[in-house]
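Numbering (the numbering used here), first residue to last: 6 to 344.
Here's what the structure looks like:
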């Protein structure tokens with residue numbers, strides 16, 4: 006069968022013919038219908054994570070149909086985990102998946118939505134939980150066009166945030182976000198026109214539509230952000246710090262704009278701001294925590310009020326183009342491949 010593999014930690018992808026996967030105890034073989042591309046896949050290919058030595062098949066997330074005879078044969082399932090990192094992954098025609106990792110696809114989900122759901126929504130949910138999210142709070146989740154950013158915006162709104170502030174890197178993305186039908190709870194700052202701070206506080210806004218405070222809170226003072234879930238890093242982290250209220254929390258889950266940020270440590274100490282780091286690994290290694298988070302996001306999905314946004318689907322044969330689009334296409338939503 007076909008599989009996209011790395012032969013070394015050099016970022017070079019190879020389309021190989023490999024043996025069919027064999028299910029071990031507690032596993033089933035899944036016919037991959039669609040596999041997701043995530044930034045961590047590219048990071049693994051370059052050796053940032055070295056759980057096993059190459060060659061191995063990439064792809065930490067996907068969806069498909071169970072092939073192994075038994076009660077789940079023919080079931081549509083989605084999955085993610087250390088696939089494509091510590092064992093062969095989803096960028097292949099078929100994959101052996103631990104039964105414990107199989108998640109039934111919500112009935113109303115398309116195959117595309119199923120392939121792009123679990124990793125982003127699990128990460129966003131974990132970050133919100135880790136940051137102490139409660140209904141009625143104001144949350145800043147930058148990068149509405151990114152998979153985790155978008156998931157965080159949707160979950161915070163669905164779980165009862167008073168306000169959700171987010172950003173888009175272009176007017177086209179901002180318009181796309183606003184066209185999604187979010188109610189007045191969600192406010193989008195177009196960073197191609199004004200800065201995050203200007204967008205949130207209303208200072209220097211280009212027009213009244215950009216004055217988020219006036220349109221959302223109905224008062225003249227800047228909103229007090231309780232919780233930031235940041236996938237962007239870089240200078241935006243410093244901007245987020247200037248907007249968060251005393252005692253608030255910043256959860257860092259990514260650094261799309263850089264791993265280095267200059268922060269006002271005096272302000273952090275004076276205002277008792279918590280800065281936390283988060284990734285999805287605890288939700289793989291801690292079954293009890295994983296089960297609770299998974300149940301919450303599945304309930305949200307089954308409500309019909311949250312779903313991932315898919316930007317593009319490419320043939321597996323075009324994996325290099327798909328990766329380039331993921332990294333440089335400035336897309337709104339996830340990139341998938343179809344074996």
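Where a beta carbon is used, it is the ideal one built from N, C-alpha and C, also for glycine.
Only a predicted model underlies this, so the values are computations on that prediction, with no experimental measurement involved.
Near residue 114, which residues of its chain fall below 8 Å by C-beta distance, leaving aside the five closest residues on each side in sequence? For the purposes of this step, residue 114 is identified with residue 109 of the chain shown, where counting begins at 1. Closer than 8 Å at the Cβ level, and outside the excluded window around residue 114, lie 122, 306 and 312.
Take the Cβ of residue 270 as the centre, count every other Cβ of all protein chains shown within 10 Å, and call the residue buried at 16 or more, exposed below. The residue given as residue 270 occupies position 265 in the chain shown. That one is exposed.
Using DSSP bridges, identify the partner residues of residue 257. Start at 1 with the first residue of the chain shown, and residue 257 comes out as number 252. DSSP lists 235 and 282 as partners of residue 257.
Roughly how far, in whole angstroms, is the beta-carbon of residue 69 from the beta-carbon of residue 38, given that I think they are within contact range, below 8 Å? In the chain shown, the residue the question calls residue 69 occupies position 64. In the chain shown, the residue the question calls residue 38 occupies position 33. Going by Cβ atoms, the distance from residue 69 to residue 38 rounds to 5 Å, so yes, they are a contact pair.
Give the DSSP-derived three-state secondary structure of residue 316 in the structure shown. Taking the first residue of the chain shown as position 1, residue 316 is located at position 311. In the structure shown, residue 316 sits in a strand (DSSP, three-state: E or B).
Buried versus exposed, by CB contacts within 10 Å (16 or more), residue 71: Numbered from its first residue, the chain shown carries residue 71 at position 66. By the 10 Å Cβ count, residue 71 comes out buried.
Would a C-beta distance cut-off of 8 Å place residue 6 and residue 98 closer than the cut-off? Taking the first residue of the chain shown as position 1, residue 6 is located at position 1. Taking the first residue of the chain shown as position 1, residue 98 is located at position 93. In this structure, residue 98 lies closer than 8 Å to residue 6 by Cβ.
Note down, in chain order, each residue of its chain lying with its Cβ closer than 7 Å to the Cβ of residue 27, except the 5 sequence neighbours on either side. Numbered from its first residue, the chain shown carries residue 27 at position 22. Result list for residue 27: 101, in chain order.
Please report the distance separating the alpha-carbon of residue 126 from that of residue 156. Numbered from its first residue, the chain shown carries residue 126 at position 121. Numbered from its first residue, the chain shown carries residue 156 at position 151. So the two alpha carbons sit approximately 5 Å from each other.
Residue-chain proximity (residue 137, chain E), Cβ-Cβ < 8 Å: Given the protein chain composition of this structure (a single chain), no chain E is represented.
What's the gap between the Cα of residue 84 and the Cα of residue 174? By one-based count along the chain shown, residue 84 stands at place 79. By one-based count along the chain shown, residue 174 stands at place 169. Their Cα atoms are separated by approximately 30 Å.
What does a CB cutoff of less than 6 Å around residue 151 pick up in its chain, not counting 5 residues either side in sequence? Residue mapping note: residue 151 aligns to position 146 of the chain shown, counting from 1. Hits under 6 Å: 236.
Nearest-angstrom beta carbon gap, residue 124 and residue 89 [assumed within contact, 8 Å]: Here the question's residue 89 lines up with position 84 in the chain shown. Here the question's residue 124 lines up with position 119 in the chain shown. Wrong, their Cβ atoms sit about 11 Å apart, outside the cutoff.
Of the residues 249, 144 and 103, the one placed nearest residue 162, counting alpha carbons only: Position 157 of the chain shown holds residue 162. Out of 249, 144 and 103, 144 has the C-alpha closest to the C-alpha of residue 162.
Relative to the C-alpha of residue 112, which candidate in 138, 94 and 81 has its C-alpha closest? Residue numbering aside, residue 112 sits at position 107 when the chain shown is read from its first letter. With distances taken between Cα atoms, residue 112 lies closest to 81.
Please report the Cβ distance between residue 129 and residue 153, rounded to the nearest whole angstrom; I am assuming they are in contact, meaning their Cβ atoms lie under 8 Å. Locating residue 129 in the chain shown gives position 124, where the first residue counts as 1. Locating residue 153 in the chain shown gives position 148, where the first residue counts as 1. About 5 Å separates the two Cβ atoms, so the contact holds.
If residue 41 and residue 339 are in contact, beta carbons under 8 Å, what's the gap, nearest whole angstrom? Here residue 41 is taken as the residue at index 36 of the chain shown, counted from 1. Here residue 339 is taken as the residue at index 334 of the chain shown, counted from 1. Confirmed, Cβ separation roughly 6 Å.
If I measure Cβ to Cβ from residue 176 and keep anything under 8 Å in the same chain, skipping five residues before and after, which residues do I get? Position 171 of the chain shown, counted from the first residue, corresponds to residue 176. Here the set comprises 195, 197 and 198.
Residue 274 by DSSP, collapsed to three states: which one? On the chain shown, residue 274 is found 269 positions in, with the first residue counted as 1. Here residue 274 sits in helix by DSSP.
Give me whichever residues DSSP pairs with residue 36 in a beta bridge. Start at 1 with the first residue of the chain shown, and residue 36 comes out as number 31. Paired residues: 70 and 99.
Identify the residues that DSSP records as bridge partners of residue 109: which are they? Here residue 109 refers to the residue found at position 104 when the chain shown is read from its first residue. Beta-bridge pairing links residue 109 to 82.
For residue 121, which three-state DSSP category applies? Indexing the chain shown from 1 puts residue 121 at position 116. Note: residue 121 maps to coil in three-state DSSP.
Could you tell me the alpha carbon to alpha carbon distance between residue 298 and residue 138, rounded to whole angstroms? Along the chain shown, one-based indexing puts residue 298 at 293. Along the chain shown, one-based indexing puts residue 138 at 133. Their Cα atoms are separated by approximately 13 Å.
Among 328, 239, 29 and 103, which one has its Cα closest to the Cα of residue 289? Your numbering for residue 289 matches position 284 in the chain shown. The residue with the shortest Cα to Cα distance from residue 289 is 103.
Through-space distance from residue 146 to residue 266, alpha-carbon basis: Locating residue 266 in the chain shown gives position 261, where the first residue counts as 1. Locating residue 146 in the chain shown gives position 141, where the first residue counts as 1. If I take the Cα positions, the gap works out to 17 Å.
State the CB to CB distance for the pair residue 244 and residue 201, rounded to an integer number of angstroms; the pair is presumed to be in contact (CB under 8 Å). Counting from 1 along the chain shown, the entry for residue 244 is found at position 239. Counting from 1 along the chain shown, the entry for residue 201 is found at position 196. Rounded, the Cβ-Cβ distance is 5 Å, consistent with contact.
When DSSP labels each residue in this structure, what does residue 9 get in the three-state scheme? For the purposes of this step, residue 9 is taken as the residue at position 4 of the chain shown. If DSSP states are grouped into helix, strand and coil, residue 9 belongs with the strands.
Reference residue 286; option with closest CA among 132, 329 and 142: Here residue 286 is taken as the residue at index 281 of the chain shown, counted from 1. When each option's Cα is compared against that of residue 286, the closest is 132.
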